[in-house]
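Heads up: the structure comes next, in structure tokens.
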Amino acid sequence: MKKDSRVRIGVYVCHCGGNISEVVDVEEVREFAGLQQDVVLSKDNTHMCSDIGQQLIINDIEEHKLDKVVVAACSPQFQGETFMDALEKAGLSPYVVQMANIREQCAWPHYDNPELATGKAKILLRAAIAKVRFSEPLEKQTMPIGKRVLVIGGGIAGIQASLDLGDAGFEVYLVEKEPSIGGHMAQLSRTFPTEDCSACILSPKMADVPSNKNINLLTYTEINNIEGYIGNFKVNAIKKPRYVDMDKCVACGDCEEVCPVCIPDEFEEGLTTHPAIYTPFDFAVPHRNLIDAEACINLQSNLNACGNCIQACKEDAINFEDEPEEIEFLVDTIIVATGFDIFDPSEKKVYGYDKFENVLTALEMERIIVKAAEGNPIRDLGKRIGFIQCVGSRDEQVGREYCSRVCCMYATKLASLLKHSDSKRDIYIFYTDLRAFGKGFEEYYKRAQNMGVKFVRGRVAEVFGNSNNKKVTLKVEDTLTRQIIESEFDTVVLSVGLGLSKSTDKIAELLRLAKSEDGFLKEAHPKFKPVDTNVAGVFLAGTVQGPKDIPDTVAQAGAASSRAIRLMNQGEYPIEPIVAFVHEEQCDGCELCIESCPLDAISVSAEVAEINEALCLGCGSCIASCPRDALDLHLYTNKQLLEEIKNALEGKKEGESRVLVFADDTCTYRLADSVGTAKLSYTTDSIIIRVPSGSRITPKLMLTAFELGADGIFIGDCEDRTSPFPHSGQVIRENVAKVREILEEEGIKPERLKFVQFVTIMLKGFVNNMNELVDFTKKTGPIPQKKRGKLVKGINKKLFGEVYDKKT
Amino acid sequence: MIKKLKISNKNQEFLAKVEELSGEIITKCDQCGICSGSCPMVPEMDITPSQMMRMVQLGESEVMESKAMWLCASCFACTVRCPRGLDLSRVAEALRQMKLRKAIDHIDIKKLPEDEMERLPQIALISGMRKFTG
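Quick note, the sequences are listed as chains W and A, same order.
Be aware that the first sequence starts at 88, since it is given in our numbering, and climbs by one per residue.
Be aware that the second sequence starts at 554, since it is given in our numbering, and climbs by one per residue.
Shown next as structure tokens:
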């Protein structure tokens with residue numbers, strides 16, 4: 088207490104050019120502030136945010152030795168940073184300024200009642216002064232960060248991101264599970280709508296990867312484990328044995344000629360075969376042979392059964408003793424570019440993919456076209472070719488409701504190429520909706536129509552075979568003429584959709600990445616953080632985030648590398664000081680808090696809990712889990728909130744009811760500001776208190792507020808899907824349920840505690856909810872003092888029960 | 554002659570009635586036509602199942618005069634394939650119910666030729682009475 092008495096607070100009340108002063112009696116509020124404990128001076132100004140206003144604060148800090156500042160003005164969301172900067176300029180911590188929001192949350196919504204507005208402004212100001220008295224002079228914090236990046240996946244997204252980062256001077260580890268980089272793009276014939284040869288435009292980029300001195304290329308390598316956090320990810324990867332020495336092999340092909348084994352060629356979608364010792368494809372990077380261990384006679388029988396390749400290899404590159412190699416390295420950021428798998432058409436049995444040889448996937452058709460163009464046709468496609476669209480897209484029956492975005496255009500491209508190589512071909516595309524939304528797409532669609540490709544609007548119902556001529560029959564309604572088409576085709580192409588690649592699941596689990604409803608990985612914000620994730624320092628590139636074409640993938644890879652560079656370039660990155668901390672003397676190492684953190688930011692060592700500040704997001708939901716009040720949150724400490732609550736409730740007149748609104752910073756507080764800006768009027772009997780998340784308000788704080796005189800408590804938070812803390816909704820629901828139970832036991836109506844999840848556009852919803860609660864408390868009357876007094880007594884036992892007994 | 558379709562409040566009322574009775578959100582149908590391609594009864598129908606859905610979407614009460622809804626055998630071929638998860642047999646049943654509730658018989662058993670009466674299985678008679686009522 089001795090230290091507190093030395094606090095010197097300066098209070099500034101802003102007129103906001105009339106916005107505030109036309110409603111609130113600024114003079115009266117300023118005088119009121121001057122009477123508060125520890126307030127050394129109180130001034131008012133027409134525009135506190137102007138240079139003059141800021142300079143006023145800076146000068147006073149020096150002249151009057153102020154160490155805390157309160158500005159009663161607009162929303163801290165609006166000008167908070169201005170005043171933080173001013174304090175920093177004056178040599179104080181930017182975190183010892185508190186704003187009382189008397190514009191958006193007082194003058195504007197209560198413009199119709201100046202007297203009550205002035206009264207409320209005083210309460211808001213008093214609460215702000217009370218809170219700032221206990222504010223900690225935190226420093227702006229940064230964390231050191233290096234320049235090492237892990238890129239997972241060597242498709243076009245991973246290649247582009249690696250090249251961008253490597254060119255910018257960052258150290259890249261590009262990990263690809265297959266023996267070559269290139270991904271699906273390497274398999275494509277041409278790219279829509281320009282019809283560039285896919286291999287021709289991709290292969291120079293692939294070749295740039297190993298020649299870039301900043302890129303460590305790790306092919307045929309799988310991620311085994313990732314631990315840690317931004318600036319300190321520990322990666323463990325397993326390099327699979329190739330059985331061919333990469334340094335010696337020259338990919339001459341001598342070994343391939345003598346290998347007696349024949350296995351389906353994965354790159355060719357199983358349409359052709361290759362020996363057990365092979366190169367992945369013509370322009371593979373690295374272009375070296377490797378042995379398929381499961382197919383090789385020697386490796387399977389464990390005898391010197393064959394060994395033809397050993398004899399054929401002039402470079403002595405074959406090594407049957409090769410073993411998996413464990414690689415460990417540290418990186419600072421991670422880009423996940425693990426791409427897509429095509430939909431498995433065997434799931435859609437009515438299309439007969441497993442039954443009929445001439446029913447193909449579009450990816451198989453890509454390879455057939457490439458092979459034919461190279462002069463090695465794999466098969467005769469016949470004259471009449473039908474494309475079935477939306478196979479594994481836009482179909483609830485297979486659990487995929489989304490549009491795969493590329494199928495309309497790739498089918499148009501394949502049809503055009505087929506028509507181009509043989510104009511006598513009769514080609515039909517059976518579609519539901521034709522989506523040609525990209526640059527040059529509509530024109531490309533028109534070109535295909537011009538060439539005579541027929542687009543038929545109808546989703547194919549079934550495909551059946553004809554035993555006599557090996558053709559297949561499609562049955563479909565032409566929905567534009569309402570006729571049922573039942574006709575024979577020589578070849579049917581299934582335009583299969585895109586889904587998250589299977590190998591991504593493990594990565595997502597290791598990194599704790601969230602998934603969207605469509606099963607792809609979820610971005611941090613659908614509009615403004617499209618390549619960030621819910622995990623700091625982890626970014627998404629390409630189809631792992633959702634189906635997209637090559638230009639979009641390349642753009643996103645560039646965005647992901649730029650976002651990663653933004654964090655790493657300065658050697659340190661700023662972190663919010665709003666993180667949890669431990670009052671060590673109160674902690675008994677009971678470990679109850681560990682599970683409360685979904686980010687695993689809490690650990691216990693030597694009987695004391697420890698917070699990993701790099702992982703902590705600052706929601707405060709762990710605090711409720713501690714029976715000994717040992718956990719706390721910077722900038723919103725227990726002491727600060729308690730003081731704020733106490734002062735927000737003080738001076739209540741007989742019969743008056745007062746409701747506290749705990750508004751989360753991301754949604755509800757902004758919503759309350761918007762309500763004020765829209766001049767929607769609401770009750771003056773509610774006092775809004777800003778918190779990082781509704782889950783910061785512990786059951787104990789709620790009950791304390793009731794004890795101190797609150798007649799109702801209203802907690803507002805984001806909806807789960809838009810919240811920066813997706814778990815907070817659940818935590819609040821649990822806390823609210825506990826408190827309601829206790830209220831009921833004490834004969835207090837549980838309806839006095841209300842929790843609503845908002846999106847920031849629900850202006851009227853916010854007003855109505857708040858008014859309803861105030862009306863309810865007025866109708867029910869104030870809580871009798873006798874009942875209030877019993878709420879907090881024995882609270883730990885009520886909340887933690889046996890656990891508390893055992894632990895204390 | 555090309556028919557002119559006038560959309561009025563009555564059309565919306567009709568749609569709302571069918572949606573209420575069937576429990577299906579008929580506006581969800583995106584007219585892909587997989588139902589029609591799958592329907593074993595479609596060769597006998599005057600309008601295709603997807604057309605039936607379209608007419609209900611736009612509130613064309615003429616759909617009540619169609620044969621299609623009576624021919625629906627509730628085999629669910631459309632339902633198991635509908636990419637929007639709609640149950641068309643429920644929609645057909647709703648349309649039939651709207652007719653049936655008017656309780657007008659179309660089959661007069663007394664007028665059926667005797668030889669036909671002898672050959673007809675009882676169950677056919679029962680379903681005939683049910684289906685051709687309204």
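Glycine included, C-beta positions come from ideal geometry on N, C-alpha and C.
- Chain W has no Cβ within less than 9 Å of the Cβ of C628/A.
- Here the C-alpha atom of Q247/W lies approximately 22 Å from the C-alpha atom of F320/W.
- With contacts defined as CB atoms closer than 9 Å, R649/A and W623/A qualify as a contacting pair.
- For D583/A, the closest Cβ of chain W is nearer than 9 Å.
- Nearest Cα to E833/W within the set T847/W, K533/W, L878/W: L878/W.
- When the beta-carbon positions are compared, I216/W and Q124/W come within less than 9 Å of each other.
- Bridge pairing for S129/W: V98/W [DSSP].
- Counting only Cβ-Cβ distances below 8 Å, I848/W has no contacts in chain A at all, with the closest Cβ about 24 Å away.
- For the stretch 127 to 162 of chain W, the full-length beta strand (DSSP E) segments reaching 3 residues or more read 155 to 160 along the chain.
- Close partners of T519/W in chain A (Cβ separation under 7 Å): D583, C585.
- Under the three-pair Cβ rule at 8 Å, the stretch 625 to 634 of chain W counts as touching the stretch 600 to 612 of chain W.
- Below the 8 Å Cβ cutoff, chain W contributes E483, Q484 as neighbours of G638/A, in chain order.
- For the set R117/W, A173/W, V116/W, C161/W, the Cα lying nearest the Cα of I139/W is the one of A173/W.
- For chain A, the residues of the stretch 541 to 562 of chain W that bring a beta carbon within less than 8 Å of one of its beta carbons are R544, G545, R546, V547, A548, E549, K562, in chain order.
- When only Cα atoms are considered, E223/W and Q844/W end up about 30 Å apart.
- Counting other Cβ atoms within 10 Å of its Cβ, E149/W stays below 16 and is therefore classed as exposed.
- Using a Cβ-Cβ cut-off of 7 Å, V609/A is close to nothing in chain W; its nearest Cβ partner there is about 15 Å away.
- For S388/W, the enclosing alpha helix (DSSP H) has its first and last residue at 384 to 388.
- In terms of beta-carbon proximity, C635/A lines the interface with chain W, with at least one pair separated by less than 9 Å.
- Beyond the five residues adjoining it in sequence on each side, F842/W comes within less than 6 Å, by CB distance, of I802, I819, V823 in the same chain, given in chain order.
- By alpha-carbon distance to K787/W, the top candidate from V746/W, A759/W, L728/W is L728/W.
- For G576/A, no CB of chain W lies under 9 Å from its own CB, so it is not counted at the interface with that chain.
- Taken through DSSP and simplified to helix, strand or coil, C477/W comes out as strand.
- Uninterrupted alpha helix (DSSP H) stretches at least 4 residues long and entirely within the stretch 167 to 218 of chain W do not occur.
- Relative to N699/W, the option among T809/W, I317/W, V116/W, I870/W whose CA is nearest is I317/W.
- Per DSSP, the unbroken beta strand (DSSP E) holding D513/W starts and ends at 513 to 518.
- Counting the other Cβ atoms within 10 Å of the Cβ of Q673/W gives fewer than 16, which makes it exposed.
- Under the 8 Å Cβ criterion, the stretch 510 to 524 of chain W counts as touching the stretch 532 to 547 of chain W, having at least three qualifying pairs.
- With contacts defined by Cβ atoms closer than 9 Å, A404/W and P266/W do not form a contacting pair.
- In the DSSP secondary-structure assignment, S773/W is bridged to V746/W.
- The C-alpha of T205/W lies about 24 Å from the C-alpha of F863/W.
- In this structure, DSSP gives C396/W a helical state, which the three-state scheme calls helix.
- Within chain A, the residues placing a beta-carbon under 7 Å from that of I571/W are S589, G590, V595, ordered along the chain.
- Minimum Cα-Cα distance from I96/W among the listed residues K130/W, C103/W, D675/W corresponds to K130/W.
- Interface criterion not met: the Cβ of V580/W is under 9 Å from no Cβ in chain A.
- Counting only residues of its own chain and dropping the five nearest sequence neighbours on each side, E573/W has a CB closer than 7 Å to the CB of T560, K562.
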